[in-house]
DNA sequence: GCTGGTAACTTACTGAGAGTAGGTTACTGG
DNA sequence: CCAGTAACCTACTCTCAGTAAGTTACCAGC
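Chains as they are written, first to last, in my numbering: chain A, 1 to 208; chain B, 209 to 416.
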């Protein structure tokens with residue numbers, strides 16, 4: 001099999017196995033077996049277990065990024081963009097909950113704790129949110145935009161994690177809470193012409 | 209040495225070693241050596257490596273909880289309570305950055321991923337925040353209070369993590385951002401008699 | 001002051017699993 | 001038909017979590 005094809009197959013299987021039983025519980029021997037190859041081949045492709053974990057996570061991250069940015073691209077105005085992005089995020093989670101969990105765990109599982117790896121995830125997500133905030137609320141200073149971006153990302157992650165033990169909270173409601181919260185937080189900074197916001201495509205019952 | 213004293217000593221040393229090099233990199237043999245005891249004694253006390261990690265983290269968590277709740281107890285009104293809690297949180301982080309990092313990693317490092325352990329941390333933190341939100345904004349429905357609580361906790365954690373790579377953001381500014389963000393998000397729900405809030409004990413320059 | 005019991009602690013092992021050295025097969029261009 | 005190389009494997013090593021089977025220190029009761 002060609003190197004690229006093999007890599008894809010290995011990643012696919014690894015994601016599945018990791019999703020089933022978690023990073024820690026799964027051994028490289030087991031993955032190799034499930035892939036129908038020998039262990040050194042895994043090391044050939046990914047260098048180490050951490051490398052494989054990393055690659056697996058990158059794959060999921062790319063999917064998530066694509067899903068959310070595609071959803072956001074359909075929006076007409078910043079308010080709707082927030083809503084669509086949030087909704088796509090939480091819906092992605094419903095569709096790939098185990099893989100998604102892995103994504104949230106990533107910064108912790110990989111070597112040094114807070115290395116460039118985390119930085120990469122962060123930049124990707126904040127690259128989606130920060131410009132949006134800046135567009136919504138141009139008078140907020142850049143430092144605050146960065147901080148708010150982090151707060152929003154953290155809020156999403158936490159709420160997503162929380163949903164695992166509270167399935168009664170639908171993706172729509174979660175997205176709704178996040179959107180409301182964010183929107184209200186920024187309300188007084190929001191550009192006047194965006195101010196009477198469209199309520200979102202189809203607003204579920206929410207807090208406000 | 210008495211069992212309780214020994215346990216304390218072991219935990220103290222373990223926290224130090226873990227903080228220096230991270231959970232994963234440190235072996236039980238190494239901790240035993242640094243403690244001046246044999247490995248089975250560690251197992252006698254903590255059952256497993258995860259058990260030791262868990263106990264270590266619980267210790268840090270207790271300290272954090274004490275610090276933040278003590279700070280909050282000094283406040284006169286909810287607005288100030290938010291501010292003091294946030295400030296204590298970020299200042300605790302400056303004082304114990306490595307141990308604090310461990311705390312954030314905990315849900316991920318421990319066995320099953322999202323078990324009761326996470327739940328425990330969460331309940332402790334949200335026990336501090338949720339009643340406060342409810343007091344601040346009594347017309348927000350309970351489900352929304354819970355969700356907002358999670359969002360706020362996640363925001364704090366993320367912002368704390370972010371500060372590791374952005375030391376230019378002081379604890380005061382971080383607390384300020386969190387407080388502003390939260391306050392604004394809830395503004396329209398806040399009880400009228402709390403509405404013109406005292407600006408906090410000593411407000412640093414902030415976003416709004 | 002010797003003895004049975006127990007609490008604190010140790011040495012010396014097992015087993016699992018990450019990572020590797022050194023091939024072997026299979027296919028490609030000359 | 002023969003290099004050379006890409007894909008892949010068998011068979012190891014070594015670190016580290018966890019354990020079995022003690023040993024020492026101390027304290028009751030006789």
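Glycine is no exception: its CB is placed at the ideal position from the N, C-alpha and C atoms. These numbers were taken from a predicted model, which means no experiment stands behind them.
C-beta neighbour in chain A for residue i, strict 8 angstroms
i: residue 273 (chain B); result: no
i: residue 396 (chain B); result: yes
i: residue 227 (chain B); result: no
i: residue 297 (chain B); result: no
i: residue 267 (chain B); result: no
i: residue 321 (chain B); result: Here residue 321 (chain B) scores only 40 on pLDDT, less than 50, and its place in the model is too uncertain to base an answer on.
i: residue 301 (chain B); result: no
i: residue 294 (chain B); result: no
i: residue 409 (chain B); result: For residue 409 (chain B), the pLDDT reaches just 47, beneath the cut-off of 50, and the residue's location in the model is therefore unreliable, although a value from the coordinates is still provided. Answer no: the Cβ-Cβ gap between residue 409 (chain B) and chain A never drops below 8 angstroms.
i: residue 251 (chain B); result: no
i: residue 260 (chain B); result: no
i: residue 278 (chain B); result: no
i: residue 352 (chain B); result: yes
i: residue 336 (chain B); result: no
Cβ neighbours of residue i in the same chain (closer than 8 angstroms, five flanking residues each side left out)
i: residue 153 (chain A); result: 122, 125, 126 and 129
i: residue 32 (chain A); result: 38, 39, 41 and 42
i: residue 146 (chain A); result: 126 and 130
i: residue 279 (chain B); result: 292, 293, 295 and 296
i: residue 104 (chain A); result: 157, 160 and 161
i: residue 97 (chain A); result: 164
N-terminal and C-terminal residue of the alpha helix (DSSP H) that residue i is part of
i: residue 259 (chain B); result: 257-281
i: residue 85 (chain A); result: 78-95
i: residue 353 (chain B); result: 350-373
i: residue 225 (chain B); result: 211-229
i: residue 45 (chain A); result: 39-46
i: residue 188 (chain A); result: Run containing residue 188 (chain A): none; DSSP gives neither H nor E here.
i: residue 233 (chain B); result: Careful: residue 233 (chain B) lies outside any alpha helix (DSSP H) and carries neither H nor E.
Anticipated Cβ contact below 8 angstroms, residue i with residue j, distance rounded
i: residue 387 (chain B); j: residue 291 (chain B); result: 5 angstroms
i: residue 252 (chain B); j: residue 379 (chain B); result: Actually they do not touch by this definition, with Cβ atoms about 39 angstroms apart.
i: residue 157 (chain A); j: residue 366 (chain B); result: 7 angstroms
i: residue 137 (chain A); j: residue 186 (chain A); result: 5 angstroms
i: residue 102 (chain A); j: residue 23 (chain A); result: 7 angstroms
i: residue 267 (chain B); j: residue 238 (chain B); result: In fact, because the Cβ distance is near 19 angstroms, the residues do not count as touching under 8 angstroms.
Cβ-based neighbour list, residue i, same chain, cut-off 7 angstroms, excluding 5 preceding and 5 following
i: residue 236 (chain B); result: 247, 250 and 257
i: residue 65 (chain A); result: 124
i: residue 26 (chain A); result: 17 and 18
i: residue 375 (chain B); result: none
CB contact check: residue i to chain B, cutoff 8 angstroms
i: residue 151 (chain A); result: yes
i: residue 181 (chain A); result: yes
i: residue 172 (chain A); result: no
i: residue 162 (chain A); result: yes
i: residue 157 (chain A); result: yes
i: residue 185 (chain A); result: yes
i: residue 154 (chain A); result: yes
i: residue 178 (chain A); result: yes
i: residue 169 (chain A); result: yes
i: residue 175 (chain A); result: no
i: residue 62 (chain A); result: no
i: residue 147 (chain A); result: yes
i: residue 124 (chain A); result: no
Beta-carbon proximity list for residue i, same chain, < 6 angstroms, skipping 5 on both sides
i: residue 301 (chain B); result: 308 and 368
i: residue 75 (chain A); result: 81 and 84
i: residue 188 (chain A); result: none
i: residue 35 (chain A); result: 10 and 13
Inset, instruction - Decide yes or no for the touch test of the segment 163-179 of chain A against the segment 76-91 of chain A: beta carbon pairs closer than 8 angstroms, at least 3 of them. - result: yes
Legend entry - Stretch-stretch touch, CB-based, cutoff 8 angstroms, three pairs: the segment 6-15 of chain A with the segment 54-72 of chain A: yes
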